[in-house]
Amino acid sequence: MTSLLPLSVAVAEPEGLNRLPTPARPRVDPADVVVPDGYRVEVVLVGLSMPCGMGFADDGTLFVLEGGSTWPTRPYLPARILRLDPDGSLDVVTEEALGGPRHVAVHDGALLVSCKGGRNARIDRIELATGRQTVLVDGLPNGGWHEPGGPVFGPDGLMYFAQGSVSQQGVVLPQGFQVDVARHIGVHDVPGEDVVLTGNNVQTYDPTGPYPYLVETGPFKPFGTPAKRGEVVRGELKCSSGLWRAHPDGSEMELVAWGLRNPYGMVFGEDGELYVSDNDFEETGDRAIQGDPDRIWRIDAARTPHGSIDRPAWYGFPDVCGDGLPAWHTSHLPRRGRAAEPLLENPPPWAGPAMFLEEPHSAMTGLDVSRSESFGYRGRLFACEWGTLAPLNSPDPRDLEHGFRVLAVDPADGTSEPFMRNPRPGPASALGTGGLERPVDAKFAPDGSLYVLDFGVSRVMQETQMSYGHTGVLWRVVRDGSSS
Amino acid sequence: MNPPLLVEVDDATVHAHLDRVRPWLVTTRTLQSAYRKTLQETADQVSEPHIRAWLHEIAAPAERHEAAVADLHRAFGHEPESAGGTAGGMVPLVATVLGAARELVGEAQGLAAGARGRAWRHMRMLLLSNLDAMSGFAVAEQLGLALARPAVVDITFPIVAEKSRHQLLIRECFLEMAANAILYRRDM
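Those protein sequences? They're chains F and Z, same order as listed. Okay, so the first sequence: first residue is 118 according to this note's numbering, each after it adds one. Okay, so the second sequence: first residue is 270 according to this note's numbering, each after it adds one.
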């Protein structure tokens, strides 16, 4: 473990937010953020590097996670867990390694932190009194692309957590090979139950060889390893695309569901149900899929008693889109890249439909629920949308504007309304304003106000994506009766 | 409401970070300058007409990339003239010494390996030299990303891409000349 670096923190001068020394995000201005009448936006922190998640203690102390190696994997800046006391002082609790902290729950005098890791994700426990660190859960297949979800605590007192798929598109492919193939040699998805393969493989090229040469790759196989028709791949407890529950010490881990592609946001609603956000397939590369909606699932199996699940619920990855249609359905045939073929013979029953469907490539991330009448919207889910990666992952010009906002979603009927957004679609850096860039997490404070964590600037072009350090912002939204 | 806090974006911290970038840009210039000199010399030594032409083709971009380091200084908010101070003024000398040292090492290693072709031994040095210089620009890009400076990335991204293509070309030339250099012990 590296020694902790001292944190440079200064109080912003009144005009300081209008002339920040970060040209990628030179200005942060609450007046450029639109919220409903009666609400006011404030700035709490400016200059965070790749913040990914946060969590409150009961006394109002906020823990903010800087993710280290994130999206894309570089630049890798310190993967710190910061502590913001109610009096406004900020310090560093600890620092994690490369693929750093993503989500945190404050529980029983400790921080329970999911870390992306590298080949495997894990959950750490950090004692707040002593700083002592132990690993509660390890070995969740990660491989570089998709993210951990949770931990969150259910009404049953159990810890719920998740880990997204290893591959982006159901098969390990050369697109973006520096994320997985180049650094995690041999990684592959792992099913949550025994599956029979159709024998459909993806024929593509190996970008890591001295000369790009053709390879065949099957699902649940390392890059370059084909599947055979009728082949059985055994399911494992520590699968990819899984969602589990366990006691708070990590014991008696049970697989609740699998087939979740990127279950970044998790929250128990006021109705006691577990809601999980999830991201769509990409329309690019050698298994391209058009128009897969982002979604929020209601995980019905989370209502069952601990230890009673014989067969985990399946939410579709790698063959079914968020709308319940197969990835090779006419409506999902790609406009660029090669179309998907079925990978699973006799797939498990689908656990959908989703509680909420959102536009493709909105990149739904962190979730929380309003639990107070004082803030309003009681019972609504506040869902962050990090925002599109088009044109990198979609040729559809409509996808260029999806995301970059916070939605209020009613889990009772699946309706939604934008709660926090820029006046026009897109990130502030593209609009030339001081507003939102990429909302990544939302959490309600014990005082009822809403904190929104903004990842910062991530520029996407046809050929690449670049994220900028020191451009992350923590916003706060209070209900004060003001009108815009 | 507590006042907003600046995390590592106060003037003092930002200036300290920017100051730490300067020596790396000087290093990048030195590496690119050494590569450019080695390239020019090697291109003139190669007698095989196709390979000679290919190497001369990438000589002009190498000069352009070397000059772009001054733009990088400006993108980080430095004045190029004073960017390296004494160190900056030493760049041509250091690059020459670095190129000469690499040449000596390449000669010794090549001869020890039984290869008689001088041009081929220099091709090997060129392969390593471009990789080194390319990494210099790529690291500058990471610093630009870390310090939220898109103007840096706008300079480095096309340079790293172009130098990556040049690296492939140099490798192909190096490999094509290998059998002649080692088995037939002749220069090309």
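Where a beta carbon is used, it is the ideal one built from N, C-alpha and C, also for glycine. Just so we're clear, the structure is a prediction, and the values are computed from it rather than from any experiment.
Cα separation between residue i and residue j?
i               : j               : result
E580 of chain F : L509 of chain F : 6 Å
G170 of chain F : V304 of chain F : 26 Å
G271 of chain F : W361 of chain F : 12 Å
D175 of chain F : M276 of chain F : 18 Å
V151 of chain F : R157 of chain F : 9 Å
A352 of chain Z : D340 of chain Z : Reliability fails at A352 of chain Z, whose pLDDT of 46 lies under 50, so the model's placement of it is uncertain and no value is given.
A331 of chain Z : M403 of chain Z : 11 Å
P292 of chain Z : L162 of chain F : 31 Å
F406 of chain Z : L412 of chain Z : 10 Å
V577 of chain F : A129 of chain F : 30 Å
N379 of chain F : Q280 of chain F : 7 Å
G216 of chain F : R191 of chain F : 11 Å
R415 of chain F : E390 of chain F : 7 Å
V307 of chain F : P477 of chain F : 25 Å
A448 of chain Z : Q301 of chain Z : 29 Å
R144 of chain F : A559 of chain F : 22 Å
L416 of chain Z : Y193 of chain F : 12 Å
E264 of chain F : P218 of chain F : 10 Å
R596 of chain F : R495 of chain F : 13 Å
L274 of chain Z : D366 of chain F : 35 Å
A329 of chain Z : V429 of chain Z : 15 Å
I198 of chain F : A303 of chain Z : 43 Å
E495 of chain Z : P419 of chain Z : In the structure as shown, chain Z starts at 270 and stops at 457, and residue 495 of chain Z therefore has no counterpart that could be examined.
For residue i, name the three-state secondary structure that DSSP assigns.
i               : result
M578 of chain F : coil
G353 of chain Z : With a pLDDT of 47 at G353 of chain Z, under the threshold of 50, the modelled position of this residue cannot be trusted; read the value that follows with caution. In the structure shown, G353 of chain Z sits in coil (DSSP, three-state: anything other than H, G, I, E or B).
P308 of chain F : coil
E317 of chain Z : coil
W262 of chain F : coil
S433 of chain Z : helix
N237 of chain F : strand
M118 of chain F : Unreliable placement is indicated for M118 of chain F, whose pLDDT of 48 sits below 50; no coordinate value is reported for it.
I198 of chain F : strand
P218 of chain F : strand
R191 of chain F : coil
G164 of chain F : strand
R393 of chain Z : helix
S491 of chain F : coil
G133 of chain F : helix
H423 of chain F : coil
E183 of chain F : strand
D558 of chain F : strand
H334 of chain Z : helix
D571 of chain F : strand
F300 of chain Z : The identity of residue 300 of chain Z in the sequence shown is Leu, whereas the question assumes Phe. Looking at L300 of chain Z - three-state DSSP - the assignment turns out to be helix.
V486 of chain F : strand
A430 of chain F : strand
Indicate whether residue i and residue j have their beta-carbon atoms separated by less than 8 Å.
i               : j               : result
A480 of chain F : T505 of chain F : yes
L396 of chain Z : R440 of chain Z : yes
F473 of chain F : I406 of chain F : no
S584 of chain F : T187 of chain F : yes
V312 of chain F : V350 of chain F : yes
T178 of chain F : D208 of chain F : no
G483 of chain F : G326 of chain F : no
L134 of chain F : D149 of chain F : no
G439 of chain F : W467 of chain F : no
D280 of chain Z : P140 of chain F : no
Q320 of chain F : G402 of chain F : no
V523 of chain F : P556 of chain F : yes
T588 of chain F : E534 of chain F : no
P514 of chain F : R453 of chain F : no
Starting from the beta carbon of residue i, find every residue of chain A whose beta carbon is closer than 7 Å, and list them in chain order.
i               : result
E159 of chain F : You won't find chain A in this structure, because its protein chains are F and Z.
Identify every residue that forms a DSSP beta bridge with residue i.
i               : result
R242 of chain F : F:L229, F:T251
Q280 of chain F : F:P265, F:G359
V437 of chain F : F:P443
P512 of chain F : Partner(s): none; P512 of chain F has no beta bridge.
C501 of chain F : F:V523
T211 of chain F : F:I198
Contiguous beta strand (DSSP E) assignments of at least 3 residues, all confined to the stretch 284 to 372 of chain F: 312 to 314, 319 to 323, 330 to 334, 359 to 363
Inside the stretch 378 to 413 of chain F only - beta strand (DSSP E) runs reaching at least 3 residues: 383 to 385, 391 to 395
Contiguous beta strand (DSSP E) assignments of at least 3 residues, all confined to the stretch 522 to 550 of chain F: 522 to 527, 532 to 537
Whole alpha helix (DSSP H) elements within the stretch 400 to 455 of chain Z, 4-residue minimum: 419 to 451
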